[in-house]
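J.: One point on numbering: in UniProt numbering, the residue at position 214 of the sequence shown is 214, and numbering is uninterrupted. Just passing along the structure, written as structure tokens.
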Amino acid sequence: MEVAEDEQLVRCPVCLRELPGAHINSHLDSCLQGGEDEVEPGPSTTCKRQRFTAAPSGSRVEGEPEEACQATISSFFHKGRGGGQSPGAPSRKSWAGREEAAAVKPEDGGSAGSGPAQRRSLAQKLEEKPLAERLRPSALGDYVGQERVLGAQTLLRSLLESHEIPSLILWGPPGCGKTTLAHIIANSSRKNGTWFVTLSATSARTTDIRDVISQAQNEKKLFKRKTILFIDEIHRFNKSQQDTFLPHVERGTLTLIGATTENPSFQVNAALLSRCRVIVLEKLSVEAIEAILMRAVRSLGVQILGQGDQHSSSATGSSSESSELPVYIEEKALKTLPYLCDGDARTGLNGLQLAVQARLAMGKTTSLNIPKGGSTDGILITEEDVKEGLQQSHILYDRAGEEQYNCISALHHSLRGSDENASLYWLGRMLEGGEDPLYVARRLVRFASEDIGLADPLALTQAVAAYQGCHFIGMPECEVILAQCVVYFARAPKSIEVYRAYNKVKEHLRMHTGPLPPVPLHLRNAPTTLMENLGYGKGCKYNPTYKEPVEQDYLPEELKGTDFFKE
Numbered sequence: 001m002e003v004a005e006d007e008q009l010v011r012c013p014v015c016l017r018e019l020p021g022a023h024i025n026s027h028l029d030s031c032l033q034g035g036e037d038e039v040e041p042g043p044s045t046t047c048k049r050q051r052f053t054a055a056p057s058g059s060r061v062e063g064e065p066e067e068a069c070q071a072t073i074s075s076f077f078h079k080g081r082g083g084g085q086s087p088g089a090p091s092r093k094s095w096a097g098r099e100e101a102a103a104v105k106p107e108d109g110g111s112a113g114s115g116p117a118q119r120r121s122l123a124q125k126l127e128e129k130p131l132a133e134r135l136r137p138s139a140l141g142d143y144v145g146q147e148r149v150l151g152a153q154t155l156l157r158s159l160l161e162s163h164e165i166p167s168l169i170l171w172g173p174p175g176c177g178k179t180t181l182a183h184i185i186a187n188s189s190r191k192n193g194t195w196f197v198t199l200s201a202t203s204a205r206t207t208d209i210r211d212v213i214s215q216a217q218n219e220k221k222l223f224k225r226k227t228i229l230f231i232d233e234i235h236r237f238n239k240s241q242q243d244t245f246l247p248h249v250e251r252g253t254l255t256l257i258g259a260t261t262e263n264p265s266f267q268v269n270a271a272l273l274s275r276c277r278v279i280v281l282e283k284l285s286v287e288a289i290e291a292i293l294m295r296a297v298r299s300l301g302v303q304i305l306g307q308g309d310q311h312s313s314s315a316t317g318s319s320s321e322s323s324e325l326p327v328y329i330e331e332k333a334l335k336t337l338p339y340l341c342d343g344d345a346r347t348g349l350n351g352l353q354l355a356v357q358a359r360l361a362m363g364k365t366t367s368l369n370i371p372k373g374g375s376t377d378g379i380l381i382t383e384e385d386v387k388e389g390l391q392q393s394h395i396l397y398d399r400a401g402e403e404q405y406n407c408i409s410a411l412h413h414s415l416r417g418s419d420e421n422a423s424l425y426w427l428g429r430m431l432e433g434g435e436d437p438l439y440v441a442r443r444l445v446r447f448a449s450e451d452i453g454l455a456d457p458l459a460l461t462q463a464v465a466a467y468q469g470c471h472f473i474g475m476p477e478c479e480v481i482l483a484q485c486v487v488y489f490a491r492a493p494k495s496i497e498v499y500r501a502y503n504k505v506k507e508h509l510r511m512h513t514g515p516l517p518p519v520p521l522h523l524r525n526a527p528t529t530l531m532e533n534l535g536y537g538k539g540c541k542y543n544p545t546y547k548e549p550v551e552q553d554y555l556p557e558e559l560k561g562t563d564f565f566k567e
């Protein structure tokens, strides 16, 4: 069919083909019904495709990238908002831009090759994106750590390998692999034809959630395609936002995967928790982080210098010259770094990247004695460089989260057990992690009466003085005040006699049925004549006027003989 040159072309909103205006209505009917278009492509038409299946590789125009035929398959329901965009969905930029993006892709895996990506300097590789993001695995076989929940023959691994993804809440500390696991699920689901959407609770709004749910309903209704929604930092959503998911997760409109560093019992609605399976991810082991760091070193092309290899003092050279020299890292540095990042792989990778970048920027070269290569010059990353990159051991402590309660509980148990060393350790964990010293001091005031009590009445005075001292001078000077109080309490004798007796009183009052017994008349105050006439205070014995102990009942008639201190 020939198209007149002056006839205006109209773009189909479904498949984005440009057709003559006279044929657009019939084309839309066939396109929306799912059949293959019968209209011959015009001069600017790029490709033909079926509505419900990906276009075969042979149906593209010669010289056009193969991705062009698949680029618009999932674009019908995408509105262009960043929050609802699938992480791997193709963007509508020029094919020249796609070719430029493809040119830099091969370097991520560190595979051998002769393209321009392999010839770039190490500094350029590190500047493009964080090392933790570059090394994020895309397959379950490359995932390191979490053997308890993702090891061989585990339930979750079997479900992931069979593409049967249930609604999940991934709970674990930072850098343990929550987001990485979500990316692996995303890559696997896209190969299986599932639509995967990523949102961050730190920036997404309720309208973004409703847009994704609406798109998921259309995907399920029109294409019979599943939708997986990944919400990073899901604990940042409030109750009403979390309630938005309930009916749709219940009906299977979408599969929800949430990642959180906070205890889901406190931060996620109970109704939503009952519809999801909570997967607890733990801190990565030293061995797991070491394996991740070794993979990073290999991908960067950095060579490992054994402990037996020798190197002389550094000589300064220009950074442009040193960028062409080989880069080495001490084996001892790679062994030390996993112990400094507290189970956080991201912290370890960031520390390694910072150490490498700092040495490259300084441009210092070192004379190295390699057993198999002889003497050579290169850039050496030492254990001191790695420690300087982290500055200090990475302390995991969240003043507003579960870790606060874990540490204060450990401090209480250590004090009760009279372990002064453990007590000082947990105190240091809290203070060095940024805890408010007044919070610790308040808990010590409570401990003085609850666990020491009358065994050492001066403990309460010590606790109140410590609180006042912390209030007066603040951190860091008040840390020794709290340390003194903690050691005093650990060494003090313990007694819960008062604490236990008062708990019995509370239990008795809760268990009492009917009206509470009245206060005996002889114990009542009689400030007026009417009260005196009613018998208030009648028969009361004023104890200071007696030299001997006074026999007098002070409990109500129903409680005579009750002893709350008796075991």
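From the three backbone atoms N, C-alpha and C, an ideal C-beta is built for every residue, glycine too.
Less than 6 Å between C-beta atoms, sequence neighbours within five positions excluded: which residues of the same chain meet that for Ala501?
T.: Phe564 and Phe565
J.: Between Leu516 and Val505, what straight-line distance do the alpha-carbon atoms span, to the nearest angstrom?
T.: 13 Å
J.: Out of Thr180, Leu256, Pro173 and Asn187, state which residue places its alpha-carbon closest to the alpha-carbon of Val212.
T.: Leu256
J.: Measuring CB to CB, does Asp385 end up less than 9 Å from Ala441?
T.: The Cβ atoms of Asp385 and Ala441 lie no closer than 9 Å to each other.
J.: When the distance is taken between beta carbons, is Arg443 closer than 9 Å to Ile473?
T.: no
J.: Using the C-alpha atoms, what's the distance from Gly343 back to Phe196?
T.: 29 Å
J.: Pull up the distance between the alpha-carbon of Glu128 and that of Thr202, whole angstroms please.
T.: 24 Å
J.: For Arg491, which residues from the same chain have a beta carbon less than 8 Å from its beta carbon, with the 5 sequence-adjacent residues on both sides left out?
T.: Ser418 and Glu420
J.: Determine the direct distance from the alpha carbon of Gly306 to that of His413, and round the result to whole angstroms.
T.: 44 Å
J.: Please state the DSSP three-state secondary structure of Lys364.
T.: Note: Lys364 maps to strand in three-state DSSP.
J.: By DSSP, does Arg275 sit in helix, in strand, or in coil?
T.: coil
J.: Sorted by chain position, which residues of the same chain lie with C-beta nearer than 8 Å to Gly141's C-beta, five sequence neighbours on each side aside?
T.: none
J.: Check whether the Cβ atoms of Gln353 and Pro130 lie closer than 9 Å to each other.
T.: yes
J.: Just the C-alpha distance for Tyr488 and Glu403, rounded to the nearest angstrom, thanks.
T.: 25 Å
J.: With which residues is Asp553 paired in a DSSP beta bridge?
T.: Bridge partners of Asp553: none, in fact.
J.: Tell me which residues share the same chain as Ala102 and place their Cβ nearer than 7 Å to its Cβ, disregarding the 5 neighbours each side in the sequence.
T.: With a pLDDT of only 36 at Ala102, under the threshold of 50, the placement of this residue in the model should not be trusted, and no figure is reported.
J.: Hey, Tyr328 and Ile379 are a contact pair by Cβ (cut 8 Å); roughly how many whole angstroms apart?
T.: Tyr328 to Ile379, Cβ: 7 Å. Contact.
J.: To the nearest whole angstrom, what separates the beta carbons of Ala288 and Val144, a pair I think is in contact under 8 Å?
T.: 5 Å
J.: In three-state terms, what does DSSP make of Tyr405?
T.: helix
J.: Excluding the five sequence neighbours on either side, which residues of its own chain have a C-beta within less than 6 Å of the C-beta of Arg11, listed in chain order?
T.: Glu18
J.: State yes or no: is the C-beta of Ala186 within less than 9 Å of the C-beta of Thr198?
T.: yes
J.: State the beta-bridge partners of Gln303 as determined by DSSP.
T.: Tyr328
J.: For Phe472, report the span of its alpha helix (DSSP H) as first-last.
T.: Leu458 to Ile473
J.: On the DSSP bridge list, what partners appear for Trp195?
T.: Note: Trp195 sits in a beta bridge opposite Thr227.
J.: Grouping DSSP H, G and I as helix and E and B as strand, with all else coil, what is Ala492?
T.: Here Ala492 sits in coil by DSSP.
J.: With distances taken from CA atoms, which of Ile279, Gln303, Gly389 and His471 is nearest Ile169?
T.: Ranking Ile279, Gln303, Gly389 and His471 by CA distance to the CA of Ile169 puts Ile279 first.
J.: Would you say the beta carbon of Ala448 comes nearer than 8 Å to a heavy atom of the ligand FMN?
T.: Judged by which ligands are present, the structure shown has none, so any question about the ligand FMN falls away.
J.: Could you tell me the boundaries of the alpha helix (DSSP H) in which Thr529 lies?
T.: Thr529 to Asn533
J.: Sort Asn218, Arg251, Glu262 and Leu229 by Cα distance to His235 and report the nearest one.
T.: Glu262
J.: Check the DSSP bridge columns for Pro20 and list the partner residues they point to.
T.: Leu9
J.: Name the DSSP bridge partner or partners of Thr180?
T.: None; Thr180 has no bridge partner.
J.: How far does the beta strand (DSSP E) with Ala259 in it extend, from its first residue to its last?
T.: Thr255 to Thr260
J.: Return helix, strand or coil for Ile379, following the three-state DSSP convention.
T.: strand
J.: Based on Cα-Cα distance, which residue from Phe245, Ser423, Leu523 and Ala182 lies nearest to Thr207?
T.: Phe245
J.: Cβ of Pro493 within 9 Å of Cβ of Ile452?
T.: yes
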